[in-house]
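Student: In our numbering, the protein residues as written are -13 to 276.
Mind having a look at this structure? Questions to follow.
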Amino acid sequence: MTTAVSNTSKLDATLLDQYRTVLGQWPVPCDDLWVDTREGTTFVVACGPKDAPPLVLLHGALTNSAIWMFDAELWSQSFRVYAVDVIGEPGLSTAKELPMEGGRYAAWLDDVLAGLDLTSVAFVGTSFGGWLALDYAVRQPHRVDRLALLCPAGIGSQKSFFLKALPLLLLGPWGKAKVRAMVMGPYPKTIADRARPLMDLLSSIHSKVRPRSMRIPLVSDAGLRSLKIPVLIVIGGRDALINSNETRRRVESIMPDAQLHYLEQAFHYLPNQRETIFNFLRDKQVGRIP
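Take a look at the structure:
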């Protein structure tokens, strides 16, 4: 493990300062860690008791570990939480983008876990981060204790969202707001004061960082069937990016033991799930929502 900050982040100086300011408001005591991997330096925020079971958090595309800060506030009561800035995304890790095929992301995660001195962990992943966790569990089942996945890529197919979004993006702020609402749902009428810096950071990233075009591979039926660990999957019926109905069908037919929450009116962004995930991580039955 190294203590040198990567200087190859996708964030410009202004966004780096904004991100560091948000990280400075992490709601519980935390450690900033930098891990050397075969693909470059990886930044990790760690919090919770050092002797507690390890929990690794993987964010989605065009975000960073800041999205977990209020979830980590709860989860770190029972776990040593490690929020990882995924390489190639707009955080403090190296900006290096890896191919989706061939297992290079899994090899990178091997190095991250080794650098953190972790043998096996539970994962929480959202969207692209859900695919990262799922792909890793299929490739390295002995290193994964359980999976909690929010709107994960890799089970249902991706929708051709950006073809619909491109004309709107040409219409300036109104069009960008429309695209955001299609993905995230209606903008909240009120935002807690402590959450405002995080929301401003995410808005700045979406305005300034060009999204990566990625085609995420589907995990095979055999791969999904091979998982023998507890799995929680939460999906929204109005997800604009991922075919949630296909996700639902595959989970129900191939992973009958998985706990599936299908939220019919929810979008790709799934707020208010931290208690559900916390109960699942602590091995409490959270039920199946049809």
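Don't be surprised by glycine CBs; every beta carbon is placed ideally from N, CA and C.
Looking only at DSSP bridge pairs, what is Asp17 linked to?
Tutor: Ala32
Student: If you compare alpha carbons, which of Asp243, Tyr248, Gly101 is closest to Asn229?
Tutor: Tyr248
Student: Let me know the secondary structure DSSP gives Val107 once reduced to three states.
Tutor: strand
Student: Buried or exposed: where does Arg132 fall if 16 or more other Cβ atoms within 10 Å of its Cβ makes it buried?
Tutor: buried
Student: Below 8 Å on the Cβ atoms is my guess for Tyr5 versus Val30; work out the distance and round it to an integer in Å.
Tutor: Not confirmed; about 14 Å, so no contact.
Student: Determine contact between the region 128 to 147 and the region 53 to 70, defined as no fewer than three beta-carbon pairs at a distance below 8 Å.
Tutor: no
Student: For the region 218 to 232 against the region 240 to 256, are there 3 or more C-beta pairs whose distance is under 8 Å?
Tutor: yes
Student: DSSP three-state call for Ala(-1): helix, strand or coil?
Tutor: helix
Student: Does the beta-carbon of Gln11 have 16 or more other beta-carbons within 10 angstroms, so that it is buried, or is it exposed?
Tutor: Under this definition Gln11 is an exposed residue.
Student: Could you tell me how far apart the beta carbons of Thr27 and Ser79 are, in whole angstroms, since I believe they sit closer than 8 Å?
Tutor: 6 Å
Student: What is the rounded straight-line gap between the Cα of Ser113 and the Cα of Arg201?
Tutor: 13 Å
Student: What are the start and end residues of each continuous beta strand (DSSP E) run of 3 or more residues lying completely inside the region 83 to 132, in chain order?
Tutor: 107 to 112
Student: Measure the alpha-carbon distance for Leu84 versus Asp71 and round it to whole angstroms.
Tutor: 14 Å
Student: How would you call Pro138, buried or exposed, if buried means at least 16 neighbouring beta carbons within 10 angstroms?
Tutor: buried
Student: Measuring CB to CB, does Gly115 end up less than 7 Å from Gly46?
Tutor: Contact flag set, yes.
Student: With a floor of 3 residues, list each beta strand (DSSP E) that falls wholly inside the region 180 to 260, ordered by position along the chain.
Tutor: 217 to 222, 245 to 249
Student: Residues bridged to Tyr68 by DSSP?
Tutor: Per DSSP, Ala32, Val42.
Student: Do Ala81 and Lys194 count as a contact pair if the criterion is CB distance below 7 Å?
Tutor: no
Student: Measuring only the C-alpha atoms, how far is Asp179 from Arg211?
Tutor: The C-alpha of Arg211 is placed about 44 Å away from the C-alpha of Asp179.
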